[in-house]
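S.K.: Per the numbering used here, the very first residue in the sequence shown carries number 104; after that it's consecutive.
All residues carry an ideal CB built from backbone N, CA and C; glycine is no exception.
Keep in mind the model is a prediction, meaning the values are calculated, not measured.
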Amino acid sequence: MKIRTVLAGVLAAAALPLALPGSSIAAPAPTPEIRVTTAQGLEACPTAHLCLYEHEQYNASGPARI
104 MKIRTVLAGV
114 LAAAALPLAL
124 PGSSIAAPAP
134 TPEIRVTTAQ
144 GLEACPTAHL
154 CLYEHEQYNA
164 SGPARI
């Protein structure tokens, strides 16, 4: 019984630094913004963005969702 009590105390002490403010646990990443627009052509995708076109060849058949 004494071994269990000591073991529980050691485990609790080991977990303590994880719960303290300023510890090395990183904050969750921000949620990316998702926008839907209707356009056509490669120039419709802003620089440094990932765009998914509804139709082939950058919506070559006409304006569609990006």
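#1: Do Ala167 and Glu159 have their C-beta atoms within less than 8 Å of each other?
#2: Locate the alpha helix (DSSP H) running through Glu159, then write down its first and last residues.
#3: What's the gap between the Cα of Thr140 and the Cα of Thr134?
#4: Would you mind sorting Ile169 into buried or exposed? The rule is 16 or more other CB atoms within 10 Å of its CB.
#5: Going residue by residue through the stretch 124 to 153, where are the continuous alpha helix (DSSP H) segments of at least 4 residues, counting only ones entirely within it?
M.R.: With the structure as the only source:
#1: Against a cut-off of 8 Å, the Cβ pair of Glu159 and Ala167 comes out as no contact.
#2: DSSP places Glu159 inside the alpha helix (DSSP H), whose first and last residues are Glu159 to Asn162.
#3: Cα to Cα, the separation comes out at about 19 Å.
#4: It is buried - the Cβ of Ile169 has at least 16 other Cβ atoms within 10 Å.
#5: Segments of the alpha helix (DSSP H) lying fully in the stretch 124 to 153: there are none.
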